[in-house]
Amino acid sequence: MRKAIAVAAALLALAGSVRSAEDELDTDLMQSIEDSNKSLASNIGIKDGKGASTDAKDLTEMFAKVEAFYVKKGDAADAVDLSKKSLDLSGQILKQIAAKDFDTATDTATTLSRTCKTCHNFYKKS
Amino acid sequence: MSLHSRRDFLVKSGLGLGGAAVSAGVVPGLGSFGAAWAADLAADPLAPKAPHFPAKAKSVIWLHMNGAPSTLDLYDYKPELVKLAGKEVPASFLKGIKTSTQGGVGKLWVSDRKWKQHGESGAWFSDLVPNIAQHADKLTFIKSSVTVGATHDISILKLNTGDLNPGRPSLGAWVTYALGTANPDLPAYVVLYNGKSEPQAGSVNWSSGFLPAVYQGTAFRPGPSPIFYLERPEARAEQQQRASLDLLKKLNNSGAAKYPNDSELRARLRSYELAERMQVSAPEAVDLSKESEATKEMYALNDPVAGTYGTTLLRARRLVERGVRFIQVVSGAPEGDTEITSWDAHSDLEVNHGTMARMVDKPIAGLLADLKQRGLLETTLVVWTSEFGRTSYGQSGNGRDHNPWGYTQWMAGAGVKAGFTYGETDEVGLQTADKDKGVDTYDLQATVLQTLGLDHLKTTFLNNGRSERPTVVYGKVIKELLA
Chain A
17 MRKAIAVAAA
27 LLALAGSVRS
37 AEDELDTDLM
47 QSIEDSNKSL
57 ASNIGIKDGK
67 GASTDAKDLT
77 EMFAKVEAFY
87 VKKGDAADAV
97 DLSKKSLDLS
107 GQILKQIAAK
117 DFDTATDTAT
127 TLSRTCKTCH
137 NFYKKS
Chain B
45 MSLHSRRDFL
55 VKSGLGLGGA
65 AVSAGVVPGL
75 GSFGAAWAAD
85 LAADPLAPKA
95 PHFPAKAKSV
105 IWLHMNGAPS
115 TLDLYDYKPE
125 LVKLAGKEVP
135 ASFLKGIKTS
145 TQGGVGKLWV
155 SDRKWKQHGE
165 SGAWFSDLVP
175 NIAQHADKLT
185 FIKSSVTVGA
195 THDISILKLN
205 TGDLNPGRPS
215 LGAWVTYALG
225 TANPDLPAYV
235 VLYNGKSEPQ
245 AGSVNWSSGF
255 LPAVYQGTAF
265 RPGPSPIFYL
275 ERPEARAEQQ
285 QRASLDLLKK
295 LNNSGAAKYP
305 NDSELRARLR
315 SYELAERMQV
325 SAPEAVDLSK
335 ESEATKEMYA
345 LNDPVAGTYG
355 TTLLRARRLV
365 ERGVRFIQVV
375 SGAPEGDTEI
385 TSWDAHSDLE
395 VNHGTMARMV
405 DKPIAGLLAD
415 LKQRGLLETT
425 LVVWTSEFGR
435 TSYGQSGNGR
445 DHNPWGYTQW
455 MAGAGVKAGF
465 TYGETDEVGL
475 QTADKDKGVD
485 TYDLQATVLQ
495 TLGLDHLKTT
505 FLNNGRSERP
515 TVVYGKVIKE
525 LLA
């Protein structure tokens, strides 16, 4: 009987953690976004088109995942808008890097960083 | 030129070596700068460098109000807060913020203030700052300041370095790295404070971080000898010191040749040379004995509460005159006051702010008036800043908690509009009213750099293969603030 209770408790705990993981964005994904964003700013700064392009592509894929998460979540219109905006900015940066327009890419990357911060400062706490 | 003759040259030229001539004209009070010295600086990390575009400001005085004043009780008049005082904070004002700071959310609270509009700009000031109020038309207010963090040390670090963790260069270090020195006889970046000990948050706030160590700030302590161990001990003859320093330099040069990337060794080498020159120049720079009584009165030097802070600001003006690029002034506490150590008023705000405002009000007004009358305000940017503001809801019955969501800072002088206000907080002064107008520490830094002729996006340093800039990956110049 004790064993059965312990197994049931473990299953409940596991189910709870799966459920909470579904409610929250993967922290590894958010950390990867932060790392890629810093790398992107640096690569644009030193005009490394290849490195910057890789970072921007990675960000595009990751922001697509973020947007899909919030669309599925259903009650986060602000977060959907901000992730869409981030996705769009990543796409713009890709084009600007391809055109070797690093000055504009720097401005756009800064706007992208500010968008991330807006989401963290305001959406996350509302 | 031999080392000895170079030193002679420095002394005989009456310390008139205004390196600012290279990038920003001749330093007031100093001569223009000699060709021999210019050649010597060519291989020098502190050699003057040209800005990205013409600078409006030659120097910055960064007035950090340590402990975070309640700008709601100084500059941000909120009639609605007066009406709602004693009531719970309406939920609409709390939307989007996490109020997990100490003590939770109390009822809306007002202190016993009288408010008045001043100047042609009509800016509001409380009765706590009647002297600063006289300069209303010199100030440009940022009433939509925002930041991150709820603890002092972390937010002070962000204010100065742009990060919540130690390791990044402070703004003054970036400025020194980007522009070099304007006076080789003094540090380009000086930190001043009033009080018995160094500011609590510590030297990490004037660190050079990953920049070479030569760009870090030099703390000048209060008193006639601003730098520890700078004076030659009485028992030691000048010749003895000379021989000892020459030997030390020879050994350090030998080490530097073996380890050319050792920036700390190079910084040490420079600091020995600078220290020798500063044995004369630093005490002179902070010696107020030749200042007139009227000037001393202007800075409230004879006031028991404001005297030490006034002394600090008068020193700041003298450093500006001598071409120091960045002067970071950390407010301490009035002399002899054992209860109040900073602006941090979680309780007894009336008592705390009554004292702290009295400590800074007249000296800051004096600084603005003095810079103006000497023609220095046109080339000096004064920044009144703090790590965050304080809440419109009360704490402990008569205090306020930390508020990173909406508070006021101001700038005055070179490159910024005068008699202008940017942004606003909501009706109770808790959050910025328009999030798009939020001015974060990165934006403040980007704007300060702009006045110095520096594009924050192009002020970069390669650290371990990564391009770094003062504003990390953020920062926006608030163009509306610029003159």
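So the protein sequences, as listed, match chains A and B.
If you want my numbering, it's the 1-based position in the first sequence plus 16.
If you want my numbering, it's the 1-based position in the second sequence plus 44.
Every residue, glycine too, gets a C-beta built ideally from N, C-alpha and C.
Query: Nearest residue (CA-CA) to M46(A), options V87(A), K81(A), D119(A); Result: K81(A)
Query: Stretch pair the region 103-118 of chain B + the region 365-372 of chain B: three plus CB contacts closer than 8 Å; Result: yes
Query: Alpha-carbon to alpha-carbon, N447(B) and G63(B); Result: Residue confidence for G63(B) is low, a pLDDT of 34 falling below 50, so the modelled location carries little weight and cannot support an answer.
Query: C-alpha gap between T70(A) and D487(B), whole angstroms; Result: 28 Å
Query: Contact residues within the region 113-134 of chain A, judged by C-beta distance below 9 Å to chain B; Result: D119, T122, D123, A125, T126, T127, L128, S129, R130, C132, K133, T134
Query: DSSP state of H108(B) mapped onto helix, strand, coil; Result: strand
Query: L501(B): contacting residues in chain A (beta-carbon distance under 9 Å); Result: G61, D119, T122, D123, T126
Query: N-terminal and C-terminal residue of the beta strand (DSSP E) that L425(B) is part of; Result: 424-429
Query: Residue span of the alpha helix (DSSP H) that contains H196(B), given as start and end; Result: 196-205
Query: Segment contact flag, the region 129-145 of chain B with the region 419-427 of chain B, C-beta cutoff 8 Å, min 3 pairs; Result: no
Query: Any 3 or more C-beta pairs closer than 8 Å across the region 220-236 of chain B and the region 314-326 of chain B; Result: yes
Query: Rounded straight-line distance, which links the Cα of A281(B) to that of L415(B); Result: 40 Å
Query: DSSP state of P327(B) mapped onto helix, strand, coil; Result: helix
Query: Euclidean distance between Cα positions of G509(B) and G61(A); Result: 11 Å
Query: Candidates R434(B), S307(B), T469(B), W454(B), of which the one nearest S252(B) by Cα; Result: S307(B)
Query: Alpha-carbon to alpha-carbon, F137(B) and G111(B); Result: 24 Å
Query: Continuous beta strand (DSSP E) stretch holding Q108(A): start and end; Result: Q108(A) -> not in any beta strand (DSSP E); alpha helix (DSSP H) instead, spanning 93-114.
Query: Amino acids of chain B, ordered along the chain, whose beta-carbon sits closer than 7 Å to that of S106(A); Result: Under the 7 Å cutoff, chain B gives no residues; its nearest Cβ is about 14 Å from S106(A).
Query: Beta carbon of G473(B) nearer than 7 Å to that of S436(B); Result: yes
Query: N442(B) - DSSP class collapsed to helix/strand/coil; Result: coil
Query: Three or more C-beta pairs below 8 Å linking the region 145-163 of chain B and the region 117-131 of chain B; Result: yes
Query: Beta-carbon separation (whole angstroms), L128(A) vs S102(A), contact threshold 8 Å; Result: 6 Å
Query: Own chain residues within Cβ distance below 6 Å of R362(B), not counting five before or after; Result: A329
Query: Whether A57(A) touches S106(A) by CB criterion (7 Å); Result: no
Query: Continuous alpha helix (DSSP H) assignments of at least 4 residues falling wholly in the region 185-260 of chain B; Result: 196-205, 215-223
Query: DSSP three-state assignment for F53(B), whether helix, strand or coil; Result: Confidence is the limiting factor: at F53(B) the pLDDT is only 43, short of 50, which leaves the residue's position unreliable, though a coordinate-based value still follows. Of the three classes helix, strand and coil, the one that applies to F53(B) here is helix, per DSSP.
Query: Inter-residue spacing [alpha-carbon to alpha-carbon] between V517(B) and T122(A); Result: 9 Å
Query: Any 3 or more C-beta pairs closer than 8 Å across the region 345-356 of chain B and the region 385-404 of chain B; Result: yes
Query: Cβ-based burial, T184(B) [other Cβ within 10 Å; buried from 16]; Result: buried
Query: Closer than 7 Å to chain A by CB, V517(B); Result: yes
Query: Meets three-Cβ-pair contact criterion under 8 Å: the region 440-456 of chain B and the region 390-400 of chain B; Result: yes
Query: Under the three-state DSSP convention, the category Y86(A) falls into; Result: helix
Query: Closer than 7 Å to chain A by CB, S511(B); Result: yes
Query: Min CB distance T452(B) to chain A below 7 Å; Result: no
Query: The region 266-275 of chain B contacting the region 285-303 of chain B, beta-carbon criterion three pairs below 8 Å; Result: no
Query: Three-pair Cβ contact test at 8 Å for the region 207-223 of chain B versus the region 328-346 of chain B; Result: no
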